[in-house]
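Engineer:
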Amino acid sequence: MANIMFVARKPRSLLGYHRQLAPSAAVKVSPLCLGTMGFGTQFEELMGPCDREASFRLLDFFYENGGNFIDTANVYQNGESELIIGDWMKERGNREEIVLATKYTSAWQLANPEVNIQSNFGGNNKKSMQAAFKSSLQRLQTTYVDLFYVHTWDFTTRIPELMPGV
Numbered sequence: 003m004a005n006i007m008f009v010a011r012k013p014r015s016l017l018g019y020h021r022q023l024a025p026s027a028a029v030k031v032s033p034l035c036l037g038t039m040g041f042g043t044q045f046e047e048l049m050g051p052c053d054r055e056a057s058f059r060l061l062d063f064f065y066e067n068g069g070n071f072i073d074t075a076n077v078y079q080n081g082e083s084e085l086i087i088g089d090w091m092k093e094r095g096n097r098e099e100i101v102l103a104t105k106y107t108s109a110w111q112l113a114n115p116e117v118n119i120q121s122n123f124g125g126n127n128k129k130s131m132q133a134a135f136k137s138s139l140q141r142l143q144t145t146y147v148d149l150f151y152v153h154t155w156d157f158t159t160r161i162p163e164l165m166p167g168v
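Below you can see the structure in the form of structure tokens.
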């Protein structure tokens with residue numbers, strides 16, 4: 003017998019059949035995670051166009067069909083992907099329904115001419131992590147993310163430095 007406290011309505015599509023993310027993470031996610039590396043215009047020459055309006059249409063379709071798991075990163079389109087997702091969640095008022103993942107590691111301030119010293123705006127070190135997290139929260143217009151993780155290993159940061167920062 004199902005526990006009535008945890009029964010969801012019948013989904014509109016297969017995308018709405020959510021599952022537990024992992025044995026140690028009980029949050030329920032759609033079977034597909036929407037990757038948003040292409041959301042924005044900063045890398046248009048490399049990846050083709052996907053402006054704010056096109057990104058909103060994709061996000062709306064994903065959400066309306068039961069998708070709730072969205073992945074981005076601070077470096078995607080030089081931060082524009084996170085800005086678009088933040089604007090979309092704010093306009094739709096659906097932040098609480100979304101399981102939001104973002105990542106850090108890459109040199110995310112390279113495109114910012116106002117940042118003179120780039121040394122600690124990349125890598126997995128604690129300083130980079132904290133600066134990247136704070137910046138991601140601002141762009142995403144939220145006070146939290148559901149999943150924050152290392153994008154790529156930098157082979158210099160030791161796990162004892164990394165883990166307390168999480």
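Sequential numbering from 3 applies to the sequence shown in our numbering.
Think of the CB as a built atom: it goes at the ideal place given N, C-alpha and C, for glycine as much as any other residue.
#1: Helix, strand or coil for residue 72 per DSSP?
#2: Quick check: residue 91 and residue 140, are their CB atoms within less than 8 angstroms of each other?
#3: Measuring only the C-alpha atoms, how far is residue 157 from residue 82?
#4: How is residue 44 classed by DSSP in three states: helix, strand or coil?
#5: Which runs of the alpha helix (DSSP H) at least 4 residues long sit entirely within the region 128 to 152? Give them in chain order.
#6: Can at least three beta-carbon pairs, one atom from the region 62 to 79 and one from the region 24 to 36, be found at a separation below 8 angstroms?
#7: Do you know offhand how far residue 75's Cα is from residue 87's?
#8: Please state whether DSSP places residue 160 in a helix, a strand or coil.
Structural biologist: For this structure:
#1: The three-state reading of DSSP puts residue 72 in strand, counting E and B together.
#2: No.
#3: Rounded to the nearest angstrom, the two C-alpha atoms are 27 angstroms apart.
#4: Correct three-state label for residue 44: coil.
#5: DSSP assignment within the region 128 to 152 yields the following whole alpha helix (DSSP H) runs of 4 residues or more, N-terminal first: 128 to 142.
#6: As far as the Cβ criterion goes, the region 62 to 79 touches the region 24 to 36, which means the pair count is three or higher.
#7: So the alpha carbons of these two residues sit roughly 11 angstroms apart.
#8: Coil.
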